[in-house]
Structures are given as structure tokens and as C-alpha cells.
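Residue numbers 67 to 384, in the numbering used here, belong to the letters of the sequence shown in order.
First the structure, in the form of C-alpha cells, and then the observations on it.
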Amino acid sequence: MQRKAPTLPSAQHGALARPRLICLGLSALDITWKVDALPKGAGKTRADDLHTGGGGMAANAAAAAARLGAEVHFWGRAGQDGAGHEMKAQLAALGVDVRQFRLFEGARSSVSGVVVDAQGERMIVNFRGADQPVDASWLPLEEVAQADAVLADPRWPEGASALFRAARAHGIPTVLDGDVADAAVFDGLLPHTDHAVFSEPGLAGYAPPGRSVEDRLRFVLAHGCRLAVVTLGAHGLVWADADGVQRLPVFPVHAVDTTGAGDVFHGALALGLGAGWPVRRALQFSAAVAAIKCTRPGGREGVPDFATAISLLDHLKE
67 MQRKAPTLPS AQHGALARPR LICLGLSALD ITWKVDALPK GAGKTRADDL HTGGGGMAAN
127 AAAAAARLGA EVHFWGRAGQ DGAGHEMKAQ LAALGVDVRQ FRLFEGARSS VSGVVVDAQG
187 ERMIVNFRGA DQPVDASWLP LEEVAQADAV LADPRWPEGA SALFRAARAH GIPTVLDGDV
247 ADAAVFDGLL PHTDHAVFSE PGLAGYAPPG RSVEDRLRFV LAHGCRLAVV TLGAHGLVWA
307 DADGVQRLPV FPVHAVDTTG AGDVFHGALA LGLGAGWPVR RALQFSAAVA AIKCTRPGGR
367 EGVPDFATAI SLLDHLKE
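Here's what the structure looks like:
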């Protein structure tokens with residue numbers, strides 16, 4: 067039986083359920099350069115600023131959800147190296163439970179180079195790490211019964227599959243971060259997924275070419291998930307389920323830095339679903355959180371608190 071989530075006070079909304087979330091997948095150390103314009107070829111580019119901090123899809127989602135008020139547990143892998151220790155310490159400092167973030171001797175952690183231009187657009191070069199064991203038998207799956215929602219990205223399919231199967235057995239909602247990955251990964255995960263949320267490149271890479279966004283989402287649904295979403299940046303988002311296709315517009319903001327916006331969206335969505343909100347409300351909230359993040363520099367540093375996100379959401383005019 068699913069436990070009752072503790073609550074946080076909310077001046078405008080009575081009480082916000084404070085859900086317990088499990089986020090599983092990639093943690094990376096991001097080295098970010100701020101430049102006037104993205105490099106177009108070989109040569110040197112002068113950077114105006116440099117920042118090193120934690121990144122990675124599931125890890126960023128965990129950090130965002132913790133900032134928004136959720137109780138968050140991060141399950142993942144990294145190397146027993148400087149980057150691994152730094153990432154674990156940073157998540158712990160944000161209030162994320164990292165007891166199941168394992169650092170393996172002889173493995174190498176994931177490190178990303180991120181270049182952000184004056185308009186907030188970015189390019190990323192990622193080393194996904196090496197020699198991290200794929201075996202997921204050490205995961206404490208008995209703890210899934212106490213969660214209100216779970217999230218995973220596709221970087222550790224074995225772990226994501228184990229987590230989603232356990233969540234499905236307990237009727238706990240699941241969120242899949244549909245970033246770019248091999249089709250076989252999605253083929254294996256979608257039948258166990260409730261909410262598959264794709265980036266535009268992720269959906270384009272998985273669904274057959276030459277189809278409309280709506281048809282691509284129907285293609286995803288046909289592979290087993292219950293709801294398929296694609297985020298389209300400045301063009302809002304589109305989702306499809308058994309009731310058809312629906313759209314949400316973008317929040318009009320001046321983007322400063324889009325780094326981590328998709329990850330933040332996923333973390334906010336897991337919080338909303340874990341709190342028991344209807345899908346549309348949860349998606350609107352996630353879009354508001356991601357929009358505010360884009361107005362601020364940095365990935366995790368740009369995540370708003372719950373009250374700020376709700377304030378923007380309350381001004382939504384449909």
C-alpha cells in the first residue's frame with residue numbers, strides 16, 4: 067500500500083504534498099564555458115566565464131525536485147575518482163539522499179564540456195564514463211514501495227528497467243527521460259513506462275523519419291507507454307495518450323541559459339505526478355519551472371523554488 071506523502075505548507079494552495087521520489091541514471095560533472103557565440107569550426111574561442119558543477123539528466127532532475135520541495139533519492143553509478151566524489155558531495159549538499167549513488171573502483175565518471183552563448187543556446191560534449199558495471203542487482207528495490215513517483219533516464223537501461231518494473235508492480239507512476247539513445251533501449255523501457263517525455267532530438271532519433279510530431283508520439287504509444295510527451299523548446303510541448311493529442315504553449319520568457327532545462331522539466335513533472343496532480347496540471351507546472359530556469363544562468367543554480375514556479379503558473383491564461 068502506498069504511503070501518504072508528507073506535506074509542505076503553501077500560502078496560495080493550502081498544502082503541497084511533499085512526495086518521495088527516486089531518480090535513477092546519469093550523473094556527470096559539467097565544465098561550462100560562457101561565450102558570445104557558439105564556435106563554428108576549428109580555432110580558439112574566448113570564454114567570458116567558467117563554471118564547474120554537477121550535471122547529468124537524472125541527477126539534475128533530482129536536484130531540481132529537491133529544490134522544489136520533494137524528498138529525493140538518487141540511485142546511480144560513477145567512478146571512484148575526483149569527479150565522482152565531487153558529484154556525490156554536491157547532490158548531498160542539495161538535500162538529495164545519495165546512499166545509493168555508488169562510486170566504483172576502477173570505473174571512470176562521466177564528464178561534460180558545455181559551451182553556452184549570449185542567447186542561452188548551448189553545445190555539449192559528453193564523455194559518458196567507462197567501466198561502470200551494468201548489473202543492477204544491488205539496487206534496494208524493496209524501497210520503491212515507499213516512493214510516490216520514480217524517474218529514470220536511458221543511460222543505465224538495466225537499472226531503469228529494474229526500477230520501472232518494481233514501480234509498476236506497486237502502482238507508482240514512472241517518468242522516462244527520452245533523451246537521445248539507441249532504439250533498442252526505448253523498445254525495452256517503454257512497455258514499463260507510464261510517462262515517456264522526449265526531447266525533440268530524442269523523439270526524432272527514435273520514431274521513423276518523415277512523420278509529423280503527432281504521428282511520432284503515436285508511434286511511441288504503440289510501443290507500450292501510457293502517455294508520450296515531446297518538449298519543443300520555444301514551441302511548447304505536445305502529448306498524446308489514449309484520449310488523443312494535446313498541446314501546451316510555451317511561457318514567454320527571455321532565455322539566458324537553457325542548460326538543464328529539460329532535466330529540470332522532468333524533475334518537476336515527477337514531483338507533480340508524485341503529489342497526485344492531474345497530468346495537465348503537472349505538465350503546466352513543469353513548463354513553468356523550466357521556463358524560469360531558462361531566465362537564469364546555470365543548470366541547477368537556475369531552478370526556482372516552489373512558490374516562484376506556482377506564481378508563474380497561476381498567471382497562465384489558457
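Backbone N, C-alpha and C define an ideal beta-carbon position, used for all residues, glycine too.
Residue environment, residue i, which counts as buried when at least 16 other CB atoms sit within 10 Å
i, result
"Ser352", "buried"
"Ala71", "Confidence in Ala71 is poor, its pLDDT being 42 and thus under 50, which makes the residue's placement too unreliable to answer from."
"Ala356", "buried"
"Ser40", "No statement about residue 40 is possible, as the shown extent of the chain runs from 67 to 384 and does not include it."
"Gln198", "buried"
"Pro239", "buried"
"Ala77", "Note that Ala77 scores 35 on pLDDT, short of 50, meaning its location in the model is unreliable; the coordinates nonetheless yield the value given after this. Ala77 is exposed by the Cβ-count criterion."
"Val263", "buried"
"Asp115", "exposed"
"Trp222", "buried"
"Phe317", "buried"
"His79", "Any answer about His79 is weak, because its pLDDT of 44 lies below 50 and its placement is not dependable; what the coordinates show is given next. Its Cβ having fewer than 16 others within 10 Å, His79 is exposed."
"Arg84", "buried"
"Thr324", "buried"
"Arg112", "exposed"
Beta carbon of residue i nearer than 8 Å to that of residue j
i, j, result
"Cys138", "Val162", "For the sequence presented, residue 138 should be read as Val rather than Cys. Going by C-beta atoms, Val138 is nearer than 8 Å to Val162."
"Ala388", "Ala334", "Lying outside 67 to 384, the shown extent of the chain, residue 388 is not represented and no answer is given."
"Asp243", "Ala124", "yes"
"Val330", "Val369", "yes"
"Gly326", "Leu314", "no"
"Ile358", "Leu379", "no"
"Ala336", "Leu217", "yes"
"Gly268", "Val251", "no"
"Leu160", "Val241", "no"
Pick from the options that is closest to residue i, judged by C-alpha positions
i, options, result
"Arg133", "Pro105, Asp260, Asp371", "Asp371"
"Leu157", "Gly120, Gly135, Asp243, Lys110", "Gly120"
"Gly149", "Arg188, Leu92, Ala249, Leu256", "Residue identity check: residue 149 is Ala in the sequence provided, not Gly. The shortest Cα separation from Ala149 among Arg188, Leu92, Ala249, Leu256 belongs to Leu92."
"Gly364", "Arg86, Ala184, Val345", "Ala184"
"Ala294", "Lys154, Asp214, Val345", "Val345"
"Pro205", "Leu349, Glu266, Ile88, Val251", "Note on residue identity: the sequence assigns Leu, not Pro, to residue 205. Per the Cα distances, Ile88."
"Leu255", "Gln350, Pro220, Lys154", "Pro220"
"Ala202", "Arg231, Gly122, Glu266", "Arg231"
"Val311", "Asp323, Val296, Ala159", "Val296"
"Met189", "Glu209, Lys106, Arg84, Ser265", "Lys106"
"Gly135", "Gly122, Arg86, Thr111", "Arg86"
"Ala300", "Ser265, Lys154, Glu152, Phe193", "Ser265"
Where the alpha helix (DSSP H) containing residue i begins and where it ends
i, result
"Cys89", "It is not in any alpha helix (DSSP H) - Cys89 instead sits in the beta strand (DSSP E) that spans 86 to 91."
"Leu303", "First-last for Leu303: 303 to 307, but that is the beta strand (DSSP E), not the alpha helix (DSSP H)."
"Asp115", "First-last for Asp115: 115 to 121, but that is the beta strand (DSSP E), not the alpha helix (DSSP H)."
"Ala202", "Unbroken run through Ala202: none, as it is neither H nor E."
"Gly142", "Gly142 -> not in any alpha helix (DSSP H); beta strand (DSSP E) instead, spanning 137 to 145."
"Ile376", "372 to 380"
"Ala334", "327 to 340"
"Asp219", "Taken as a continuous stretch (DSSP letters only), Asp219 belongs to no alpha helix (DSSP H), as it is neither H nor E."
First through last residue of the beta strand (DSSP E) which encompasses residue i
i, result
"Phe317", "Segment: none, Phe317 is in no beta strand (DSSP E) and carries neither H nor E."
"Asp24", "Because residue 24 is not part of the residues shown, which for the chain are 67 to 384, the question remains open."
"Ser265", "261 to 265"
"Gly179", "176 to 182"
"Arg168", "167 to 170"
"Arg188", "188 to 193"
Cutoff 8 Å: residue i Cβ touching any chain D Cβ
i, result
"Ser265", "Structure shown: chain D not included; a single protein chain is present."
Closer than 8 Å is the cut-off here; do at least three beta carbon pairs connect the region 170 to 180 with the region 88 to 107? Result yes; three or more Cβ-Cβ pairs closer than 8 Å.
Is there contact here, the region 280 to 289 with the region 303 to 321, by at least three beta-carbon pairs under 8 Å? With the cut-off at 8 Å, the region 280 to 289 and the region 303 to 321 touch.
Taking three-plus beta-carbon pairs below 8 Å as touching, is the region 222 to 236 in contact with the region 98 to 113? No contact exists between the region 222 to 236 and the region 98 to 113.
Cβ contact check for the region 167 to 174 and the region 138 to 156: 3 or more pairs under 8 Å: Short answer: they touch.
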